[in-house]
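Student: At position 138 of the sequence shown (counting the first as 1) the number is 832 in the numbering used here, and the numbers step up by one without a gap.
Beta carbons: idealized from backbone N, C-alpha and C, even for Gly.
Please see the structure below; I have some questions.
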Amino acid sequence: MHPTPKSHDGLTGWQQAAYAPEYASRFPLTFFAADKSIVSQGAAQGAATDMVHQIPGIAGAFQLQAHEILIPAHPLQAQMLRLDPAVQALLASGKLRDLGAAGGNFAATSSVGTVYAPDCPWKLKYSIPMRLTNSLRVTLRSELDVGVSMARLLRRLDAAKLSPCFCIIDDPAYLTLDMPGRRESGFEVIFRDKPFMGAADKGVYNLAALTAGPLPGRSVLLITLIKRLAAARGQSCAETARLWFEAYLDCMLDPMLQLYDRHGIALEAHQQNSLLDLSTGLPSYAYFRDNQGYFITRDAFPSLSALEPSLAGQPALVCPRGHINERLAYYLVVNQISAVIHRLGCDELTQETALLLQLHRRLTAAASRFTGAAAEFARYLLTAPSLAAKANLLTRVHNIDELEAAAQEGMFLQMRNPIAAAQPQPAPELADVPA
């Protein structure tokens, strides 16, 4: 696990209080008006320029000229941009106008740079001048294009119908400015889909929040919810934990295996990128987010790029199956599923070995049920003596920014595979059963 999961390098105390999610603050966005000639945009459907005007509270707030486009910015992003000499030159030339704060209030999500308002149909993801965990939170130009390409591809694949209990939250549009000599201008904003509006998000939790250690004097969120569910169902905590884990695998593991098997697409589904709907008690729906988190197998890429030609410009998405199996094993199993197992085990709701055997049975069934990439992946998890684990502490010690690394990832080490070690015990022979 990460040694500093809540590090906010680069933020002052007052900035943390104003913009970090832990403080539950609300703030308006900042807006700029930019000449059309310097605006770059993309969208899977419609136009990003129209999506800006769906932000609550800005109708009639500005007098834009015919050649201007409205650009929203995070307040921290705006503070940084105002100090940039190239931006100051644009402001002086009249090609850019600083319109200040306006509209309704937004709140930081767990990823800090992505903001949320209950009545806004989009979440907005920004570049902000701070380092979270292993990376400076700069939205790369390639990330903008990947979001649009993958949103188009997922629509063409009708991926929303792949599973009745799983959804990929895509990033279907972006706006930014083109500035000479720069790959990124600092104005990058991504429009992230929001499958729940208003009260519909009640009971939807970030998985990292569920498994995080407790605050002083409190209990772990996941444990609190399961104990409450056990009391409501009149069951033991151990039985409820087993049922909870089974339902969790139904809506998180199985759909990802199906996507990988059918289309050769794997997801970087670590805890921070994963959400669970617990509104009915047991996990009933899972969500994945983050357009930095896609892998496509080499054998699937020709057919997928024929379906969505813009993928041809995204070679970084394409990897051999062996590499994807290693990374998917880390993100989905070591980081996410194992964190759930650890949490339920260390809080003594059930035994870790029982949950590992439960996972072992699910993967054994998957290895028989699937015929493509997911079958190979399941067999890998069942038999590999070791699995790759991200060396987050070493990544921090060596001061590696993952987004600047060649493969945009940190350091990895090998750990003993706990799934392969959790071998089910064979049923005793009849003759061995005592009379």
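Leaving out the 5 sequence neighbours to the left and right, which residues in its chain are closer than 8 Å to residue 978 when beta-carbon positions are compared?
Tutor: Taken in chain order, the residues that qualify are 859, 941, 945, 971 and 972.
Student: Rounding to the nearest angstrom, what Cα-Cα distance links residue 1117 and residue 1070 in this structure?
Tutor: 19 Å
Student: Secondary structure at residue 1056, three-state DSSP: helix, strand or coil?
Tutor: Looking at residue 1056 - three-state DSSP - the assignment turns out to be helix.
Student: Is it right to say residue 1029 is buried, meaning 16 or more other beta carbons lie within 10 angstroms of its own, or is it exposed?
Tutor: buried
Student: Got a sec? Which residues, its chain only, sit under 8 Å from residue 715 by beta carbon, not counting five neighbours each side?
Tutor: 801, 802, 803, 804 and 806
Student: Which runs of the beta strand (DSSP E), 3 residues or longer, sit entirely within the segment 859-925?
Tutor: 860-863, 867-871, 883-887 and 898-900
Student: Give the secondary structure of residue 1109 by DSSP, where H, G and I count as helix, E and B as strand, and everything else as coil.
Tutor: Strand, per DSSP.
Student: Could you spell out the range, first to last residue, of the beta strand (DSSP E) harbouring residue 1002?
Tutor: Neither: residue 1002 is in no beta strand (DSSP E) and is coded neither H nor E.
Student: Determine contact between the segment 832-845 and the segment 789-798, defined as no fewer than three beta-carbon pairs at a distance below 8 Å.
Tutor: no
Student: Excluding five sequence neighbours on each side, which residues of the same chain lie with their C-beta closer than 7 Å to the C-beta of residue 851?
Tutor: 957
Student: Looking at the structure shown, is residue 736 part of a helix, part of a strand, or coil, going by DSSP?
Tutor: strand
Student: Excluding the 5 residues preceding and the 5 following residue 1080 in the sequence, name in chain order all residues of the same chain whose CB lies nearer than 7 Å to its CB.
Tutor: Within the same chain, residue 1080 has close Cβ partners 1108, 1109, 1110 and 1111.
Student: Just the C-alpha distance for residue 1125 and residue 1060, rounded to the nearest angstrom, thanks.
Tutor: In this prediction, residue 1125 has a pLDDT of 48, which is less than 50 and means its spatial position is unreliable; what the coordinates show is noted afterwards. Between residue 1125 and residue 1060, the C-alpha separation is close to 33 Å.
Student: Going by other Cβ atoms of all chains shown within 10 Å of its Cβ, with 16 needed for buried, is residue 717 buried or exposed?
Tutor: Answer is exposed; the Cβ neighbour count stays below 16.
Student: Find out if the Cβ-Cβ distance for the pair residue 842, residue 1004 is shorter than 9 Å.
Tutor: yes
Student: Let me check understanding here. Comparing Cα to Cα, which of 1000, 910 and 1015 lies closest to residue 1074?
Tutor: For residue 1074, the nearest C-alpha among the options comes from 1015.
Student: Specify whether the segment 1032-1048 and the segment 904-915 touch according to this definition: at least 3 beta carbon pairs, one from each stretch, less than 8 Å apart.
Tutor: yes
Student: Just to confirm, are residue 1105 and residue 1085 a CB contact at a threshold of 9 Å?
Tutor: Yes.
Student: Among 933, 760, 959 and 949, whose alpha-carbon lies nearest the alpha-carbon of residue 845?
Tutor: Ranking 933, 760, 959 and 949 by CA distance to the CA of residue 845 puts 959 first.
Student: Rounding to the nearest angstrom, what Cα-Cα distance links residue 676 and residue 962 in this structure?
Tutor: Within the shown structure, residues of the chain are numbered from 695 to 1129, placing residue 676 beyond reach of any answer.
Student: Residue 886 and residue 863 - do their beta-carbons sit closer together than 9 Å?
Tutor: Going by beta carbons, residue 863 and residue 886 fall inside the 9 Å limit.
Student: Once DSSP output is grouped into helix, strand and coil, what is the label at residue 1042?
Tutor: coil
Student: State the DSSP-derived secondary structure class of residue 1047, mapped to helix, strand or coil.
Tutor: helix
Student: From 1057, 865 and 992, pick the residue whose C-alpha is nearest to that of residue 986; which is it?
Tutor: 865
Student: Going by DSSP, what residue range makes up the beta strand (DSSP E) through residue 764?
Tutor: Taken as a continuous stretch (DSSP letters only), the beta strand (DSSP E) holding residue 764 covers 762-767.
Student: Please state whether DSSP places residue 842 in a helix, a strand or coil.
Tutor: helix
Student: On a Cα-Cα basis, can you pick out the residue from 1046, 999, 994 and 1042 that is closest to residue 1067?
Tutor: When only C-alpha atoms are compared, the closest one is 994.
Student: What are the partner residues of residue 802, as DSSP defines its beta bridges?
Tutor: 809
Student: Among the residues of its own chain, which have a CB less than 7 Å from the CB of residue 797, if the five just before and after it don't count?
Tutor: Within the same chain, residue 797 has close Cβ partners 722, 723, 749, 750, 751, 752 and 755.
Student: Take the Cβ of residue 880 as the centre, count every other Cβ of all protein chains shown within 10 Å, and call the residue buried at 16 or more, exposed below.
Tutor: Burial call: buried.
Student: Residues in the same chain with beta-carbon distance under 8 Å from residue 926, minus the five sequence neighbours each way, listed in chain order, please.
Tutor: 975
Student: Verify whether the separation of the beta carbon atoms of residue 989 and residue 1011 is less than 9 Å.
Tutor: yes
Student: Buried or exposed: which applies to residue 736, given that a residue is buried once 16 or more other Cβ atoms fall within 10 Å of its Cβ?
Tutor: buried
Student: Here's a check: name, in chain order, each residue in its chain whose Cβ is nearer than 6 Å to the Cβ of residue 1129, leaving out the five neighbours to either side.
Tutor: Since pLDDT at residue 1129 reaches only 44, below the 50 mark, its modelled position is unreliable, and the value read off the structure follows with that caveat. Around residue 1129: no qualifying Cβ.
Student: Let me know if residue 747 comes out buried or exposed under the rule of 16 or more other beta-carbons within 10 Å of its beta-carbon.
Tutor: exposed
Student: Taking all protein chains shown into account, do 16 or more other C-beta atoms lie within 10 angstroms of the C-beta of residue 1055, making it buried, or fewer, making it exposed?
Tutor: Exposed: under 16 other Cβ atoms inside 10 Å.
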